[in-house]
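Undergrad:
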Amino acid sequence: MTPVLCIGSVLWDVIGRTPAHMSVGSDVPGHIIRVPGGVALNIAFGLARFGVGCELLTAVGRDIDGTALLEEARQRGIGTAHAYVSDDLPTDRYMAIEGANGLVAAIADAHSLERADDKILTPLVDGRFGTEAAPFEGVVALDGNLSEGLLGRIAKGPWLSAADLRIAPASPGKAHRLAPLLRMPGATFYVNLEEAGLLLGARPKTAADAARGLSDRGAARVVVTDGPRPAASARDGVVLTATPPEVLVTRVTGAGDTFMAAHIAVERDGAEPAAALEAGLQAAAQHVSGDIAT
Numbered sequence: 034m035t036p037v038l039c040i041g042s043v044l045w046d047v048i049g050r051t052p053a054h055m056s057v058g059s060d061v062p063g064h065i066i067r068v069p070g071g072v073a074l075n076i077a078f079g080l081a082r083f084g085v086g087c088e089l090l091t092a093v094g095r096d097i098d099g100t101a102l103l104e105e106a107r108q109r110g111i112g113t114a115h116a117y118v119s120d121d122l123p124t125d126r127y128m129a130i131e132g133a134n135g136l137v138a139a140i141a142d143a144h145s146l147e148r149a150d151d152k153i154l155t156p157l158v159d160g161r162f163g164t165e166a167a168p169f170e171g172v173v174a175l176d177g178n179l180s181e182g183l184l185g186r187i188a189k190g191p192w193l194s195a196a197d198l199r200i201a202p203a204s205p206g207k208a209h210r211l212a213p214l215l216r217m218p219g220a221t222f223y224v225n226l227e228e229a230g231l232l233l234g235a236r237p238k239t240a241a242d243a244a245r246g247l248s249d250r251g252a253a254r255v256v257v258t259d260g261p262r263p264a265a266s267a268r269d270g271v272v273l274t275a276t277p278p279e280v281l282v283t284r285v286t287g288a289g290d291t292f293m294a295a296h297i298a299v300e301r302d303g304a305e306p307a308a309a310l311e312a313g314l315q316a317a318a319q320h321v322s323g324d325i326a327t
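In the numbering used here, each residue's number is its place in the sequence shown (first place is 1) plus 33.
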């Protein structure tokens, strides 16, 4: 099958975790790890676990960190030949603090990806994956770490006009960047309840309310998660809901990316919408419980 193109951030995650509840100013013991991350790479890792072929369209630096990230991806069977490797931009990074009360704070430094701009999309117009006259028609996982300007141009440009486009905001702080993409006819949005509210300019009470609201705004399909509470998907006026399994939460970073990867993978195998929603929630539950290795 045509590989899934994972477009967006590939970087190093530096994550501090503690079993203690944390608030502003907390100073507690815990563990600090560094693992490969970034929304596009996390989705690619998830797809690879399901045996789905994928290619990265991203930007990394021609440095030790970038070389190591691409090698990690290759070792897991992910294509890296079309990634943009910059001689003058450093590899991006992400830092997060997680406590017993969930994600306390995070900072995403994806400035190199933003500065690379549409160079990462060159394979979509130079014949490797498509041209302006014959755009790529396969599945694309796109994340909101791209610059706001580039996302706006994607909504109007040739690159992804014919794709089965799957979109993730990357974080609530970047959800607004996706607004120009809302009316793309082939797009599916994967958002949590907070991100959905930011796109709507309101505070929906449930995932189902959020899914209906984004559909009314023109989104072709929407999938909304809400932590341990029921998730929802909406398409063509039909709203489905499902409740995540109850698990002990040991980590939160990457859960949404794992959900999205599982949802895409099982749909490629022919799963119906309700089954795909359940599969995504099951995979995310396994991730947050620590049953899926990073």
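For each residue, glycine too, the CB sits at the ideal point set by N, CA and C.
Whole angstroms is fine: what's the gap from A241's alpha carbon to A265's?
TA: Taking the first residue of the sequence shown as 1, we reach residue 241 at position 208. Taking the first residue of the sequence shown as 1, we reach residue 265 at position 232. If you take the alpha carbons of A241 and A265, they lie about 5 Å apart.
Undergrad: Is it right to say A229 is buried, meaning 16 or more other beta carbons lie within 10 angstroms of its own, or is it exposed?
TA: Position 196 of the sequence shown, counted from the first residue, corresponds to residue 229. So A229 ends up on the buried side.
Undergrad: Would you mind stating whether V257 and V285 have Cβ atoms separated by less than 8 Å?
TA: Taking the first residue of the sequence shown as position 1, residue 257 is located at position 224. Taking the first residue of the sequence shown as position 1, residue 285 is located at position 252. No, they are not a contact pair.
Undergrad: When you compare only the Cα positions, how much space is there between G71 and V321?
TA: In the sequence shown, residue 71 corresponds to position 38, counting from 1. In the sequence shown, residue 321 corresponds to position 288, counting from 1. The straight-line gap from Cα to Cα measures roughly 17 Å.
Undergrad: Quick one: residues in its chain with C-beta nearer than 6 Å to the C-beta of S180, no 5 flanking neighbours on either side, listed in chain order?
TA: The count along the sequence shown starts at 1 and reaches residue 180 at position 147. Only E147 meet the Cβ criterion.
Undergrad: Express the C-alpha separation of E305 and M293 in angstroms, rounding to a whole number.
TA: Counted from its first residue, the sequence shown places residue 293 at position 260. Counted from its first residue, the sequence shown places residue 305 at position 272. Going from the Cα of M293 to the Cα of E305 covers about 15 Å.
Undergrad: Within the continuous alpha helix (DSSP H) that includes S56, where are the two ends?
TA: By one-based count along the sequence shown, residue 56 stands at place 23. Segment: none, S56 is in no alpha helix (DSSP H) and carries neither H nor E.
Undergrad: Does the beta-carbon of A252 have 16 or more other beta-carbons within 10 angstroms, so that it is buried, or is it exposed?
TA: Translated into the one-based positions of the sequence shown, residue 252 becomes position 219. Per the 10 Å Cβ criterion, buried.
Undergrad: Consider the Cβ of G251: report whether some Cβ of chain C lies at a distance smaller than 8 Å.
TA: No chain C is part of this structure, which consists of one protein chain only.
Undergrad: Do the segment 36-49 and the segment 121-129 make contact, defined as three or more Cβ pairs closer than 8 Å?
TA: They touch, by the three-pair rule.
Undergrad: Taking the alpha-carbon positions, what's the E165 to W192 distance?
TA: Along the sequence shown, read from residue 1 onward, the residue named residue 165 stands at position 132. Along the sequence shown, read from residue 1 onward, the residue named residue 192 stands at position 159. Cα-Cα distance, rounded: 7 Å.
Undergrad: Rank H64, F162, T51 by C-alpha distance to the C-alpha of C39 and give the top, closest one.
TA: Here residue 39 corresponds to residue number 6 of the sequence shown, with the count starting at 1. C39 has its Cα closest to that of F162, out of H64, F162, T51.
Undergrad: Please report the residue range of the beta strand (DSSP E) in which P218 lies.
TA: Walking along the sequence shown from the start, residue 218 turns up at place 185. No beta strand (DSSP E) holds P218; DSSP gives it neither H nor E.
Undergrad: With a threshold of 7 Å on Cβ separation, who are the neighbours of A106 within its own chain once the five nearest residues in sequence on each side are excluded?
TA: Here residue 106 is taken as the residue at index 73 of the sequence shown, counted from 1. The residues are L74, A77, L89, T113.
Undergrad: Can V280 and A318 be called in contact, C-beta distance under 8 Å?
TA: The residue given as residue 280 occupies position 247 in the sequence shown. The residue given as residue 318 occupies position 285 in the sequence shown. The answer is yes: Cβ separation under 8 Å.
Undergrad: Quick check on DSSP: helix, strand or coil for P306?
TA: Numbered from its first residue, the sequence shown carries residue 306 at position 273. Helix, per DSSP.
Undergrad: Give every residue of the same chain whose Cβ lies closer than 8 Å to the Cβ of L273, excluding the five residues on either side of it in the sequence, and list them in chain order.
TA: Position 240 of the sequence shown, counting from 1, holds the residue named residue 273. Excluding sequence neighbours, L273 sits near A265, S266, A267, P306, A307, L310.
Undergrad: Which of the three DSSP states is assigned to I97 in this structure?
TA: Here residue 97 refers to the residue found at position 64 of the sequence shown. I97 falls in the helix class under three-state DSSP.
Undergrad: Could you round the C-beta distance between R50 and E131 to whole angstroms and report it? I think they count as a contact, below 8 Å.
TA: Your numbering for residue 50 matches position 17 in the sequence shown. Your numbering for residue 131 matches position 98 in the sequence shown. Rounded, the Cβ-Cβ distance is 5 Å, consistent with contact.
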